[in-house]
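Enquirer: Using numbering that gives the first Met the number 0, the first residue of the sequence shown is number 0, and each one after it goes up by one.
Beta carbons are placed, not taken as given, at the ideal position from N, Cα and C, and that holds for glycine.
Remember, predicted model here, so these are calculated numbers, not experimental data.
Before we start, here is the structure in question, set down as structure tokens.
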Amino acid sequence: MHGFAYPKHSHTQGVVDVFLDRRLTRDDGRGLGQGILDNREVISTFKILFESRHKIADRSAQTGYPTLLAHHLSIEFLYPLHIFNSLASKIFFNELKLFPKPSLFPSDYHLVNLRTLSNNNYNTVQHRPSKSIALILRRFAYDCDENYDKLFHFEQPIFEYFFEVNQIESIEQTSLSLRYRKQKLNSTAKLDVPFAEIVTYKLRLIE
């Protein structure tokens, strides 16, 4: 497993060949067979995951999916965690309190994005984020047996798990582009995301 889509091939049992792409200091369209002296050193990290199955996989199936553990390891590669610590001692009033519930997501949900939207007010001198927030969730399509599923939890979250009730003014499920509204929800509604799909919500916070 890796964070990039490197091609891999296994022509012999127990051997995996990985084709790495070269990186140059000056990318001027040179191709294979051309001499180069400006190769850049690239540090690549890979993980090999060995998993035991209690049931034999259906080899006649047209599609296949990774397990939940494989999904989570892939997310660690694609979205590494960066923690920033603030040195400011100033207390901010009316600050937004996020994620009051510790066990927030079920194991097959992934938080794609959580961000404030533009207020479209370009005449003001002070640039402040709007009270509208985009929440984008993805649900994994996975292949696990019953014994494997016992290692994870699948409780569907509600919006109260993200924000406190007195902070939410309105909730809408929208299209992926946030332009079209599909339905209006409340703070106790469950975030029901179909398998292998992405769902977008638009939340309006109380002023």
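Throw me the rounded Cβ distance for the K7 and V14 pair, which I believe falls under 8 Å.
Expert: As a first step, residue 7 must be located in the sequence shown, where it is residue number 8. As a first step, residue 14 must be located in the sequence shown, where it is residue number 15. Actually they do not touch by this definition, with Cβ atoms about 11 Å apart.
Enquirer: Which runs of the alpha helix (DSSP H) at least 4 residues long sit entirely within the stretch 137–174? Give them in chain order.
Expert: The stretch 137–174 contains these whole alpha helix (DSSP H) runs: 145–148.
Enquirer: Which residue marks the beginning of the beta strand (DSSP E) containing L202, and which one marks its end?
Expert: Start at 1 with the first residue of the sequence shown, and residue 202 comes out as number 203. Looking at the DSSP string, the run of the beta strand (DSSP E) that includes L202 is 197–204.
Enquirer: What's the call for D107, buried or exposed, on a 16-neighbour Cβ count within 10 Å?
Expert: Sequence index remark: in the sequence shown, residue 107 carries index 108 (1-based). Classification for D107: buried.
Enquirer: With burial defined as no fewer than 16 other Cβ atoms inside 10 Å of the residue's Cβ, what is the status of I47: buried or exposed?
Expert: As a first step, residue 47 is located in the sequence shown; it is residue number 48 there, counting from the start. Classification of I47: exposed, given that the 10 Å Cβ count is below 16.
Enquirer: Does L208 come out as helix, strand or coil in the three-state DSSP assignment?
Expert: Shown here, the chain extends from 0 to 206; a query on residue 208 therefore has no answer.
Enquirer: In the DSSP assignment, the alpha helix (DSSP H) including S70 goes from what residue to what residue?
Expert: Counting from 1 along the sequence shown, the entry for residue 70 is found at position 71. The identity of residue 70 in the sequence shown is His, whereas the question assumes Ser. First-last of the alpha helix (DSSP H) with H70: 67–77.
Enquirer: Please classify F64: does DSSP put it in a helix, a strand, or coil?
Expert: Taking the first residue of the sequence shown as 1, we reach residue 64 at position 65. Note on identity: in this sequence residue 64 is Tyr, with Phe being the wrong assignment. Y64: coil per DSSP, three-state reduction.
Enquirer: For V41, count neighbouring Cβ atoms within 10 angstroms of its own Cβ and tell me buried if that reaches 16, exposed if not.
Expert: Here the question's residue 41 lines up with position 42 in the sequence shown. Exposed, by the Cβ-count rule.
Enquirer: Buried or exposed: where does I132 fall if 16 or more other Cβ atoms within 10 Å of its Cβ makes it buried?
Expert: Along the sequence shown, one-based indexing puts residue 132 at 133. With 16 or more other Cβ atoms within 10 Å, it is buried.
Enquirer: Tell me whether F162 is buried or exposed, calling it buried when 16 or more other Cβ atoms sit within 10 Å of its Cβ.
Expert: One-based indexing of the sequence shown puts residue 162 at position 163. Buried: at least 16 other Cβ atoms inside 10 Å.
Enquirer: Look at the alpha carbon of H10 and the alpha carbon of D142, and state the distance between them as a whole number of angstroms.
Expert: Here residue 10 is taken as the residue at index 11 of the sequence shown, counted from 1. Here residue 142 is taken as the residue at index 143 of the sequence shown, counted from 1. Near 25 Å, if we compare the C-alpha coordinates of D142 and H10.
Enquirer: For the beta strand (DSSP E) that contains F14, what are its first and last residues?
Expert: Here residue 14 refers to the residue found at position 15 of the sequence shown. Contrary to the premise, residue 14 reads as Val rather than Phe in this sequence. Unbroken beta strand (DSSP E) run through V14: 14–17.
Enquirer: What does a CB cutoff of less than 7 Å around L175 pick up in its chain, not counting 5 residues either side in sequence?
Expert: To locate residue 175, count along the sequence shown from 1; it is residue 176. Closer than 7 Å at the Cβ level, and outside the excluded window around L175, lie I197, T199.
Enquirer: Using the Cα positions of A4 and E75, report the straight-line distance between them to the nearest angstrom.
Expert: Here residue 4 is taken as the residue at index 5 of the sequence shown, counted from 1. Here residue 75 is taken as the residue at index 76 of the sequence shown, counted from 1. The straight-line gap from Cα to Cα measures roughly 15 Å.
Enquirer: Return yes when the Cβ of L116 is within less than 9 Å of the Cβ of K190, no when it is not.
Expert: Locating residue 190 in the sequence shown gives position 191, counting from the first residue. Locating residue 116 in the sequence shown gives position 117, counting from the first residue. The question names Lys, but residue 190 in the sequence shown is Leu. Cβ atoms of L190 and L116: not closer than 9 Å.
Enquirer: When burial is assigned at 16 or more other CB atoms within 10 Å of the CB, is V164 buried or exposed?
Expert: Mapped onto the sequence shown, residue 164 falls at position 165. Exposed, since its Cβ has fewer than 16 Cβ neighbours within 10 Å.
Enquirer: Under 8 Å by Cβ, that's how I've got F153 and P79 pegged, so tell me the actual separation to the nearest angstrom.
Expert: Mapped onto the sequence shown, residue 153 falls at position 154. Mapped onto the sequence shown, residue 79 falls at position 80. With a Cβ gap of about 26 Å, F153 and P79 do not count as contacting.
Enquirer: Please work out which residues of its chain come closer than 8 Å, Cβ to Cβ, to Q213, disregarding the five sequence neighbours upstream and downstream, and give them in chain order.
Expert: As displayed, the chain neither begins before 0 nor continues past 206, which places residue 213 out of reach and without an answer.
Enquirer: When you compare the CB positions of T44 and H109, do they come within less than 9 Å of one another, or not?
Expert: As a first step, residue 44 must be located in the sequence shown, where it is residue number 45. As a first step, residue 109 must be located in the sequence shown, where it is residue number 110. Cβ distance not < 9 Å, so T44 and H109 don't count as in contact.
Enquirer: Return the CA-CA distance between T173 and S85, expressed in angstroms with no decimal places.
Expert: Numbered from 1 along the sequence shown, position 174 holds the residue referred to as residue 173. Numbered from 1 along the sequence shown, position 86 holds the residue referred to as residue 85. Going by the C-alpha atoms only, they are around 34 Å apart.
Enquirer: Is DSSP giving L48 helix, strand or coil here?
Expert: Here residue 48 refers to the residue found at position 49 when the sequence shown is read from its first residue. Looking at L48 - three-state DSSP - the assignment turns out to be coil, as it is neither helix nor strand.
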